[in-house]
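Chemist:
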Amino acid sequence: MFRNRDVLSILDFSRGELEKIFRVARRMERIEKRGSGLLGGRILATAFFEPSTRTRLSFETAMLRLGGSVIGFSESEGTSIAKGENLADTVRMLDAYADVIVVRHRLEGAAKLAAEIAEAPVINGGDGTRHHPTQAMVDLYTVWKEFGKIGGLNFVLMGALRYGRAVASFIYGLSLFRPEKIYLVSHPLLRPRRELEEHLKNSGISFEIRENLDGLLQKADVLYVTRIQRERFPEHAEYQQARGSCRAE
Numbered sequence: 016m017f018r019n020r021d022v023l024s025i026l027d028f029s030r031g032e033l034e035k036i037f038r039v040a041r042r043m044e045r046i047e048k049r050g051s052g053l054l055g056g057r058i059l060a061t062a063f064f065e066p067s068t069r070t071r072l073s074f075e076t077a078m079l080r081l082g083g084s085v086i087g088f089s090e091s092e093g094t095s096i097a098k099g100e101n102l103a104d105t106v107r108m109l110d111a112y113a114d115v116i117v118v119r120h121r122l123e124g125a126a127k128l129a130a131e132i133a134e135a136p137v138i139n140g141g142d143g144t145r146h147h148p149t150q151a152m153v154d155l156y157t158v159w160k161e162f163g164k165i166g167g168l169n170f171v172l173m174g175a176l177r178y179g180r181a182v183a184s185f186i187y188g189l190s191l192f193r194p195e196k197i198y199l200v201s202h203p204l205l206r207p208r209r210e211l212e213e214h215l216k217n218s219g220i221s222f223e224i225r226e227n228l229d230g231l232l233q234k235a236d237v238l239y240v241t242r243i244q245r246e247r248f249p250e251h252a253e254y255q256q257a258r259g260s261c262r263a264e
């Protein structure tokens, strides 16, 4: 089902496939504590064209704890990219060395392009403003592990809903599980993009757009708060207007 499969978007997976991943993840938590040589002799390449802390370190830690090795870069400075090498040639080079490649890039579609070029499976570590599938999987798994389900719960999502790739992926993933209702809370400048709203409507998901948390914390089973991402704003003036607007107090 998953062998040699790229992980580019949460929407490439069915609810059943995600639930299978959750069950395996729960078993792997126990295995990981003991240590494992499951990925001995395997190499993970991390191609991070954007800054990252949690995503990059989580991939590296997982690979190392399962007995594998890690190569790659966490910024383009100091690599041939800084000398003008393009994404395609960088991916071809990494593909010659690695068994799996994780790509993070500011441009949407970068991971898909990498997957079209590489023979090794490609995992999208976040590209553009819509896709961060592994973060969505982790967040959905956390809810599933805590409640034993995802469907039927009330979710309050608050913060940078317009530009945040992680929250966008989470919303796409939630739509597969039939939540009771999703409340989307943000500054007007950070309201979810039209395609996200249309996706929820077309999926038959009940949702409500709000500018504040008034009365919502009592209804929420899950509160998801995401930071204001200064680097995603097209204009600095927009960031100045929206900063400080997303506080759960």
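With our numbering, the residue at position 36 of the sequence shown is 51, and numbering never jumps.
Backbone N, C-alpha and C define an ideal beta-carbon position, used for all residues, glycine too.
1. Since residue 176 contacts residue 206 with CB under 8 Å, what's their CB separation in whole angstroms?
2. Since residue 21 and residue 103 should fall inside the 8 Å C-beta cutoff, what is the C-beta to C-beta distance between them, to a whole number of angstroms?
3. Tell me, to the nearest whole angstrom, how far the beta carbon of residue 52 is from that of residue 82; I am working on the premise that it is less than 8 Å.
4. From residue 17 to residue 218, what distance separates their C-alpha atoms?
5. Tell me the DSSP secondary structure of residue 68 in three-state form.
6. Identify the continuous alpha helix (DSSP H) that holds residue 48 and give its terminal residues.
7. Return the chain-ordered list of same chain residues with a C-beta closer than 6 Å to the C-beta of residue 191, the five sequence neighbours on each side being excluded.
8. Using DSSP with H/G/I as helix, E/B as strand and the rest coil, what is residue 181?
9. At what residues does the beta strand (DSSP E) containing residue 217 begin and finish?
10. Express the C-alpha separation of residue 203 and residue 45 in angstroms, rounding to a whole number.
11. Is the beta carbon of residue 172 less than 8 Å from the beta carbon of residue 197?
12. Would the beta-carbon of residue 133 fall within 8 Å of that of residue 110?
13. Beta strand (DSSP E) containing residue 223: first to last residue?
14. Who pairs with residue 87 in a beta bridge, going by DSSP?
15. Please say whether residue 119 and residue 184 have beta carbons closer to each other than 8 Å?
16. Are residue 64 and residue 107 closer than 8 Å when you measure CB to CB?
17. Got a sec? Which residues, its chain only, sit under 7 Å from residue 37 by beta carbon, not counting five neighbours each side?
18. Give the range of the beta strand (DSSP E) segment to which residue 206 is assigned.
19. Given a threshold of 16 other Cβ atoms within 10 Å of its Cβ, counted over all protein chains shown, does residue 79 qualify as buried or as exposed?
20. What did DSSP end up calling residue 110 once you bin it into helix, strand or coil?
21. Give me whichever residues DSSP pairs with residue 16 in a beta bridge.
Modeler: Checking against the coordinates, here is how it stands:
1. Here residue 176 is taken as the residue at index 161 of the sequence shown, counted from 1. Here residue 206 is taken as the residue at index 191 of the sequence shown, counted from 1. Correct: roughly 7 Å between the Cβ atoms.
2. By one-based count along the sequence shown, residue 21 stands at place 6. By one-based count along the sequence shown, residue 103 stands at place 88. Residue 21 to residue 103, Cβ: 16 Å. No contact.
3. By 1-based counting over the sequence shown, the position of residue 52 is 37. By 1-based counting over the sequence shown, the position of residue 82 is 67. 4 Å between Cβ atoms; contact.
4. For the purposes of this step, residue 17 is taken as the residue at position 2 of the sequence shown. For the purposes of this step, residue 218 is taken as the residue at position 203 of the sequence shown. Their Cα atoms are separated by approximately 25 Å.
5. Here residue 68 refers to the residue found at position 53 when the sequence shown is read from its first residue. Residue 68: coil per DSSP, three-state reduction.
6. Here residue 48 refers to the residue found at position 33 when the sequence shown is read from its first residue. Per DSSP, residue 48 belongs to the alpha helix (DSSP H) from 30-49.
7. Along the sequence shown, read from residue 1 onward, the residue named residue 191 stands at position 176. Hits under 6 Å: 30.
8. Numbered from its first residue, the sequence shown carries residue 181 at position 166. Reduced to three states, the DSSP call for residue 181 is helix.
9. The sequence position of residue 217 within the sequence shown is 202, counting from 1. From DSSP, residue 217 is part of no beta strand (DSSP E) but of the alpha helix (DSSP H) over 209-217.
10. Reading the sequence shown from its first residue, position 30 is the one you call residue 45. Reading the sequence shown from its first residue, position 188 is the one you call residue 203. Computed Cα separation, rounded: 43 Å.
11. Taking the sequence shown and counting its residues from 1, the one referred to as residue 172 is at position 157. Taking the sequence shown and counting its residues from 1, the one referred to as residue 197 is at position 182. Yes, Cβ-Cβ distance for residue 172 and residue 197 is below 8 Å.
12. To locate residue 133, count along the sequence shown from 1; it is residue 118. To locate residue 110, count along the sequence shown from 1; it is residue 95. Yes, they are a contact pair.
13. Against the sequence shown, residue 223 aligns to sequence position 208. Residue 223 -> beta strand (DSSP E) spans 222-225.
14. Reading the sequence shown from its first residue, position 72 is the one you call residue 87. Answer is 61, bridged to residue 87.
15. Taking the first residue of the sequence shown as 1, we reach residue 184 at position 169. Taking the first residue of the sequence shown as 1, we reach residue 119 at position 104. Going by C-beta atoms, residue 184 is not nearer than 8 Å to residue 119.
16. Looking up residue 64 in the sequence shown gives position 49. Looking up residue 107 in the sequence shown gives position 92. No, they are not a contact pair.
17. By one-based count along the sequence shown, residue 37 stands at place 22. The answer, listed in chain order, is 156 and 159.
18. For the purposes of this step, residue 206 is taken as residue 191 along the sequence shown, with counting starting at 1. It is not in any beta strand (DSSP E) - residue 206 carries neither H nor E in the DSSP assignment.
19. To locate residue 79, count along the sequence shown from 1; it is residue 64. Exposed.
20. In the sequence shown, the residue the question calls residue 110 occupies position 95. The answer is helix: DSSP assigns residue 110 an H, G or I state.
21. For this step, residue 16 is matched to residue 1 along the sequence shown. Its beta-bridge partners do not exist; DSSP assigns none.
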